[in-house]
Each structure stands twice: as structure tokens, then as C-alpha cells.
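If you read the sequences in order, they're chains A, B and C. The number in this note's numbering is simply the position in the first sequence, starting from 1, with 96 added. The number in this note's numbering is simply the position in the second sequence, starting from 1, with 45 added. The number in this note's numbering is simply the position in the third sequence, starting from 1, with 42 added. Notes to accompany the following structure.
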Amino acid sequence: MIKSLISCPSPEHAVLEFNGLFDRSTAHKVRRDSLKLVQKQGSRELEIDLTNARCIDTSCVAVLVEILNTVRKQGGKLKLTGIDDNTARMISLSQLDEIFEDVIVAEKK
Amino acid sequence: MPSADLIEVRGLKSFYRGRQVLFDVTFGIPSHQVTVIMGASGCGKTTLLRHLIGLKCTGQGQILVDGEDLGSFSEGLLKSYRRRIGVLFQGGALFNSMSLRENIAVPLKVHTKLADETIRIMTVMKLNMVGLSDFSEFMPSQLSGGMRKRAGLARALAMDPEILFVDEPSSGLDPITAAGLDRLLLDLRETLGMTVVVVTHELESAFKIADRIVMMDKGRVMALGAPDEVRRSTDERVLQFLNREADTHMINIDSYYESLLDKE
Amino acid sequence: MVQLIRSLGAYGMREILSVGRMGIFFLYTMRGMFVAPGKFWPVVKHIEFIGTKSIFVIGFTAAFSGMVLGLQGYYTLSKFASEGLLGSAVALTLIRELGPVLTALMVSGRAGSAITAEIGIMRIEEQIDALDCMAIDPYAYMITPRFIACLIALPLLTAFCDVVGIFGGYAIGVDLLGVSAGAFWDGVYSSVVWKDVYMGIIKSAVFSVLIIWICTYKGFYSGVDEGSFGPEQVSRATTDAVVISSISILVSDYIITSIML
Ligand SMILES: Nc1ncnc2c1ncn2[C@@H]1O[C@H](COP(=O)(O)OP(=O)(O)O)[C@@H](O)[C@H]1O
Ligand SMILES: [Mg+2]
Chain A
97 MIKSLISCPS PEHAVLEFNG LFDRSTAHKV RRDSLKLVQK QGSRELEIDL
147 TNARCIDTSC VAVLVEILNT VRKQGGKLKL TGIDDNTARM ISLSQLDEIF
197 EDVIVAEKK
Chain B
46 MPSADLIEVR GLKSFYRGRQ VLFDVTFGIP SHQVTVIMGA SGCGKTTLLR
96 HLIGLKCTGQ GQILVDGEDL GSFSEGLLKS YRRRIGVLFQ GGALFNSMSL
146 RENIAVPLKV HTKLADETIR IMTVMKLNMV GLSDFSEFMP SQLSGGMRKR
196 AGLARALAMD PEILFVDEPS SGLDPITAAG LDRLLLDLRE TLGMTVVVVT
246 HELESAFKIA DRIVMMDKGR VMALGAPDEV RRSTDERVLQ FLNREADTHM
296 INIDSYYESL LDKE
Chain C
43 MVQLIRSLGA YGMREILSVG RMGIFFLYTM RGMFVAPGKF WPVVKHIEFI
93 GTKSIFVIGF TAAFSGMVLG LQGYYTLSKF ASEGLLGSAV ALTLIRELGP
143 VLTALMVSGR AGSAITAEIG IMRIEEQIDA LDCMAIDPYA YMITPRFIAC
193 LIALPLLTAF CDVVGIFGGY AIGVDLLGVS AGAFWDGVYS SVVWKDVYMG
243 IIKSAVFSVL IIWICTYKGF YSGVDEGSFG PEQVSRATTD AVVISSISIL
293 VSDYIITSIM L
């Protein structure tokens with residue numbers, strides 16, 4: 097199960113917070129919610145907060161890549177916060193560190 | 046054997062049409078570790094692996110998965126066990142009517158509700174792990190044996206299995222690619238906490254990646270334990286295998302003469 | 043003598059076992075209809091293979107069979123000065139007998155053998171084991187879609203064969219031998235009743251089940267009895283599949299005809 101929470105601190109900036117288990121049985125929900133927001137957001141900045149989500153398999157990395165692609169295609173910016181060690185390791189296992197380098201933001205909330 | 050083992054093999058005997066190929070094989074596979082099953086070719090490694098993945102019925106002996114006997118699993122239980130495992134077969138076993146990308150997408154398409162684009166990204170990621178991301182649209186017949194093996198590994202990894210069984214992953218590979226695969230297996234254990242069971246006859250790679258070694262000889266477990274324990278073994282045949290001495294006793298001289306002379 | 047009886051017994055046992063196994067195979071395939079994965083696109087793909095790609099061969103066969111029927115029918119009927127019946131003779135023979143049987147034989151030779159070989163190769167290369175290990179039901183994944191496809195394709199091909207054959211007979215009878223076109227078509231309309239069409243459809247449905255059942259079964263179990271999995275086993279399975287399905291087509295044709303007449 098995974099729950100999403102949308103908040104818009106400023107008109108230019110939307111935050112999508114996920115809460116729960118992020119794996120291949122819930123990945124399609126994360127994808128759907130995020131892409132929906134991206135379509136609505138247009139070229140603004142999207143922040144995905146995974147502090148309270150636990151990624152346990154590589155399907156979440158794939159979904160993050162897909163979201164990143166879509167955001168970039170729209171000329172927007174993606175920020176990932178609250179990425180835990182395990183997810184970071186999965187990203188480097190998939191040799192995607194470079195792609196995510198300026199996307200992953202260390203905690204500063 | 047401590048009961049912390051994920052899979053326990055107890056007194057397993059195996060037969061092919063009456064000919065015995067495994068004799069009282071007993072060992073354990075610890076979870077989140079790399080277990081290497083090692084031995085000369087023809088000693089029964091693949092047969093043992095087929096027992097572990099439930100493809101060959103256990104006639105005598107037991108295989109316990111989480112303490113439950115694999116042989117007594119109902120169809121449903123066997124299915125849920127198999128959703129936890131990923132298998133690389135000795136021949137790769139790729140579907141030859143599909144491209145590599147489609148091959149790897151098969152389990153994802155059947156078992157998950159992921160979107161096509163997500164599946165595509167995942168397949169490319171898996172192919173990249175085994176160093177084949179440039180070949181996603183190739184058909185298996187257009188690849189070399191070693192590449193097919195690696196693609197098979199990518200497919201085994203598609204579902205991020207809890208337990209990964211690989212049969213001779215580095216056969217037909219150059220040393221550099223083989224070392225890359227060893228690295229990958231260790232990374233998988235680290236990152237995803239996978240339990241990895243590797244069948245191999247390559248000494249070097251075995252000692253590099255193993256947390257536990259099961260050394261087999263002619264259907265029997267010859268040595269068992271951590272790499273250091275195996276290395277310190279004083280058993281003559283173990284030493285012979287470790288030192289790569291040619292096997293002078295390999296041929297049974299009597300039966301050799303017999304088969305030469307005995308022509309009706 | 044004892045040896046002979048023993049080997050006969052062993053043979054009998056093996057055959058009985060394999061009949062039982064075929065039954066179970068069928069049940070699993072039927073169950074596959076209700077098991078993931080989805081069947082739509084695979085079925086379409088197999089219809090293309092079994093059906094679309096057979097159209098040319100079957101059209102050719104049907105045309106020439108119809109033409110021969112036209113010739114033979116004309117010479118036989120002209121002995122009784124009843125050439126006008128040519129249309130009904132050609133149409134009835136095709137719809138009731140020749141159409142279903144010829145189509146089934148051609149499909150088992152062209153598509154059936156290919157299916158056996160394809161599945162047999164999947165068996166010897168451990169691809170079926172791989173499916174099992176991915177927790178994918180191999181029956182639902184590879185056998186059921188082929189069953190459905192064959193059940194759809196064969197009756198359609200049969201209808202196509204009937205039509206082409208009748209026009210073949212028409213070409214010879216009317217254009218070449220001078221039977222009047224009106225008499226030919228009148229013969230067709232007046233003699234073919236719903237029951238004939240019905241019989242043709244039932245036949246082709248039964249044949250399609252036989253073909254696909256035998257061909258997939260043979261492929262699926264190639265090498266299993268011998269316990270060795272090599273190319274010879276696949277080639278043997280392929281030959282067996284074609285021979286056995288052809289024989290069962292002809293035998294069951296006789297049985298259905300004798301029941302339905
Ligand atoms: N399908 C089979 N039928 C009969 N004997 C087999 C079959 N597969 C393997 N064997 C025999 O079992 C023994 C072990 O084979 P295998 O497990 O493949 O060895 P390894 O994988 O260690 O090279 C060999 O002696 C081989 O001849
Ligand atoms: Mg082997």
C-alpha cells in the first residue's frame with residue numbers, strides 16, 4: 097500500500113509525498129500520480145519526497161527514471177528528497193548515479 | 046547445520062532412470078549470502094540445482110525451504126516459491142522467438158501491472174547490469190553463447206528475486222566480463238539482500254564470491270564450509286581439485302579394459 | 043516368449059500412460075483459459091500463423107480439388123446424361139467431405155508440424171522449465187492461445203476452401219465443359235441444406251481440436267519419455283505429430299460421417 101499527498105508551497109513548486117511501501121505492486125500508482133501532476137504542472141518544479149516511502153525493488157528506480165524523463169521533456173525540474181541508502185545503492189547498481197546526480201537532494205526540510 | 050539456513054538439503058539421492066547421480070547430499074544455503082556449488086563437470090551440480098528449483102522430484106531425501114519440504118508442496122505453494130526465485134539455466138533458456146528486451150519483459154508482463162514504459166526502462170536497466178544494454182533488440186540467435194548466458198541472468202533478475210540460482214554464469218566468458226559478473230552477484234547480495242546460489246567449476250571466482258562453498262565430487266559432497274575452511278582442508282581429493290592436478294584416477298582402468306575387450 | 047509378453051505389456055502400459063497424460067494435458071490447457079496472462083494478442087498472433095499464412099496453400103489445394111471434382115463429376119454424370127447435377131455434386135462433396143478434410147490435412151502439415159517443432163525446441167532448450175521457474179503456467183502461456191487460435195482459424199479456412207473449390211468446379215464444369223451456369227448454381231442452391239453446412243462445421247471443429255491437441259502435446263513431451271532432450275527427439279515428435287494427426291483426421295471423419303448421416 098502506498099499513499100500520496102500533494103502540496104503546493106508556491107505556485108511554481110509542487111511537492112508529492114509518498115507514504116508506504118514502494119515496490120512493483122505499487123509502482124504503477126506512484127507513476128500514475130506523479131505523471132498526472134507533471135502533466136498539470138507543466139514546466140514548473142516538482143519535488144518528490146520519499147522520506148516515508150520504502151523502495152524495495154528496482155521497479156521504483158525505473159519509475160523514477162520515467163518520471164524524470166517526462167519532467168525533463170516538459171522542460172521542468174525534478175527534485176528527489178528523502179532517498180534512503182538502499183534506494184541510492186539500487187540507483188548505483190543500475191549505474192544511474194550520473195543521471196540522478198543533480199536530482200537527488202539531501203534532506204533540508 | 047544451523048536452522049538459520051533458508052534452504053536445507055538433507056540426504057538427497059537422485060536418479061536418472063535407475064542410475065544414481067547424487068548420493069546423500071546434505072548441506073544448507075544461508076540466506077542473504079552467496080553459496081557456491083563447485084565440482085568437476087558431470088558431478089551432478091545441474092541435477093542438484095534442478096532439485097532445488099523444484100523441477101526434478103525429490104525421490105529420497107528432503108529439501109526444506111523455510112523448514113517446509115519442497116517435495117510436499119502443493120501446486121500453489123510451489124508457485125509462490127517460484128515467484129521468490131530467479132533461475133539462470135546452463136543453456137540460458139531464452140525464448141528464441143523474442144528479442145532480449147521482450148524476453149526480460151515476460152515475467153514483468155505476466156506478474157506485474159507495471160506500465161509498458163516502466164517495463165521497458167526496467168529491461169534496459171537489467172540488460173545494463175549484465176553489460177548488454179546495446180543489444181536489447183537483438184534476437185537470442187544473434188548472440189554468442191556467453192552473451193546469451195548474461196541475457197538469461199538479466200531475465201532471472203527481472204523480478205528482483207529473493208533467491209537467485211545461476212548455473213555456470215561465466216562459462217564461455219572472457220576473464221574481464223566474468224569478473225564483472227562476480228562483482229554483480231556480490232552487489233546483488235549487498236544491495237538487494239539476495240540469496241545467491243552459484244554453480245561453477247571455476248576455482249578463482251568461487252573463492253572470490255563465496256560465503257559458503259559446497260564442493261562436490263561424483264555426486265557426493267566432498268567439502269563444505271566457508272572458503273577458508275575449504276582451503277584448509279586436508280582431504281586428498283579436495284586438495285587435488287584445488288591444485289588443479291590432472292585426475293589420474295578419473296578413468297576406472299578395469300572397466301576401461303573391460304569395455305575395450307568385451308565385444309560379445 | 044516371456045520376453046515378448048513382457049515387452050508387449052510394457053508397450054501397453056506406456057500407451058495407456060500416454061493416453062492418460064494426453065487427457066491431463068487437455069484439462070490443463072482448458073484451465074489455461076482462466077489463468078493469466080491475457081490471451082488476446084497471442085491468439086491473434088497464432089491465428090495469423092495458423093490461418094492467414096495457410097490461405098495461399100489452401101486456396102491452391104481447394105482450386106485444384108474443385109477442378110478435378112468438376113472433371114470427374116462431369117464424366118461420371120454424363121454417363122447418366124445428368125450433367126446438370128454437377129453443381130450439387132461438387133458442392134456437396136466439398137462442403138461435407140473434402141473441404142474439412144483437405145483443410146485439416148493441409149493445416150496439420152503446414153502449421154501443426156511447425157507448432158510441434160517450435161514447442162519441442164522450447165522443451166529441449168529448457169524454455170518450458172524456465173517458464174515454470176518464473177511461476178508462469180506454460181499451458182496458459184503457450185498451449186491455450188494456440189488451441190483457441192486453431193479453433194477459430196480452421197473452420198474459417200474450411201469455409202474458404204469450400205468456396206474456392208466450388209468456383210474451381212464451376213470453372214471446369216461451366217467454362218470448359220459447357221454445363222449451363224444456371225443449372226450449376228441451381229444444383230448448388232437446391233441440394234445444399236443447412237445440415238450439410240452444419241456437418242462441415244462440426245467436422246472442422248473436431249479436426250481443429252485433434253490437430254492442435256496432438257501437435258502441441260507431441261511437442262510438449264518431446265524427449266520426456268526417452269529422458270534425453272536432443273534434436274532427434276524434436277524431429278521424431280514432429281513426424282509423429284503429423285502422421286498421428288492425419289490418421290486421426292481421417293478416422294474421425296469416418297466416425298462423424300457415420301454418426302451424422
Ligand atoms: N537427462 C539426463 N538423463 C540421464 N542422465 C543424465 C541426464 N542429465 C544428466 N545426467 C547425468 O547426471 C550426471 C550429472 O550431470 P549434471 O548434473 O548435468 O552434471 P554437472 O552439471 O555437474 O556437469 C552426469 O553423469 C550425467 O550423465
Ligand atoms: Mg551442469
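From the three backbone atoms N, C-alpha and C, an ideal C-beta is built for every residue, glycine too.
query, result
"Rounded C-alpha distance that separates residue 132 of chain C from residue 189 of chain B", "56 Å"
"Identified DSSP bridge partners for residue 268 of chain B", "B:260"
"As assigned by DSSP and simplified to three states, the class of residue 140 of chain A", "coil"
"Span separating the alpha-carbon of residue 222 of chain B from that of residue 137 of chain B", "16 Å"
"Distance cut-off 8 Å: residue 68 of chain B Cβ against heavy atoms of ligand 1", "no"
"Residue 110 of chain C Cβ short of 8 Å to ligand 2 heavy atom set", "no"
"Near ligand 2: residue 281 of chain B beta-carbon under 8 Å from a heavy atom", "no"
"Sequence-distant residues of its chain with Cβ nearer than 7 Å to residue 194 of chain C (five each side left out)", "89"
"Listed by chain order, chain C residues near residue 100 of chain B by CB distance under 8 Å", "171, 174, 175"
"Interface flag, residue 174 of chain A vs chain B, CB-CB below 9 Å", "no"
"Length of the line joining the Cα atoms of residue 159 of chain B and residue 155 of chain A", "8 Å"
"Range of the contiguous beta strand (DSSP E) that encloses residue 188 of chain B", "Where residue 188 of chain B is concerned, there is no enclosing beta strand (DSSP E), given that its DSSP letter is neither H nor E."
"Below-9 Å beta-carbon distance, residue 79 of chain C vs any chain B residue", "yes"
"Backbone CA spacing between residue 128 of chain B and residue 156 of chain B [nearest angstrom]", "9 Å"
"Segment contact, 8 Å Cβ cut-off, at least three pairs: the stretch 123-133 of chain A with the stretch 161-176 of chain A", "yes"
"Completely contained beta strand (DSSP E) runs for the stretch 217-249 of chain B, where each covers 3 or more residues", "240-245"
"Residue 180 of chain A: contacting residues in chain B (beta-carbon distance under 7 Å)", "Near residue 180 of chain A there are no residues of chain B at all, since even the closest Cβ is about 12 Å away, more than 7 Å."
"CB contact flag (residue 129 of chain C, residue 226 of chain C, <9 Å)", "yes"
"Own chain, CB closer than 6 Å to residue 67 of chain C, minus 5 neighbours either side, in chain order", "259"
"Short CB-CB distance (under 9 Å) between residue 164 of chain C and chain B", "yes"
"C-beta contact flag for residue 280 of chain C and residue 162 of chain C at 9 Å", "yes"
"contact_flag[the stretch 69-83 of chain B, the stretch 246-257 of chain B] where n(CB pairs < 8 Å) is 3 or more", "yes"
"Quiz: which residues have CB nearer than 7 Å to ligand 2 non-hydrogen atoms", "B:86, B:90, B:91, B:135, B:212, B:213, B:244"
"Of the listed residues B:51, B:132, B:83, B:306, nearest to residue 246 of chain B (C-alpha basis)", "B:83"
"beta-carbon residue 269 of chain C near ligand 4 non-hydrogen atom, thresh 8 Å", "As presented, the structure is devoid of ligand 4, carrying ligand 1 and ligand 2 as its sole ligands."
"C-beta contact flag for residue 125 of chain A and residue 102 of chain A at 9 Å", "no"
"Contact list for the stretch 149-171 of chain B against chain C, Cβ threshold 8 Å", "151, 152, 154, 155, 156"
"CB contact check: residue 209 of chain B to chain A, cutoff 9 Å", "no"
"Test: residue 233 of chain B CB closer than 9 Å to a CB of chain A", "yes"
"For residue 158 of chain A and residue 190 of chain A, the rounded distance between their alpha carbons", "10 Å"
"Top-ranked residue by Cα proximity to residue 109 of chain A, from A:142, A:117, A:120", "A:142"
"heavy atom of ligand 1 below 8 Å from residue 64 of chain B C-beta", "yes"
"Endpoints, beta strand (DSSP E) assigned at residue 300 of chain C", "From DSSP, residue 300 of chain C is part of no beta strand (DSSP E) but of the alpha helix (DSSP H) over 273-302."
"Chain-ordered chain B contacts of residue 167 of chain C [CB-CB under 7 Å]", "136, 138"
"Residue closest to residue 200 of chain B, alpha-carbon to alpha-carbon, out of B:100, B:79, B:132", "B:132"
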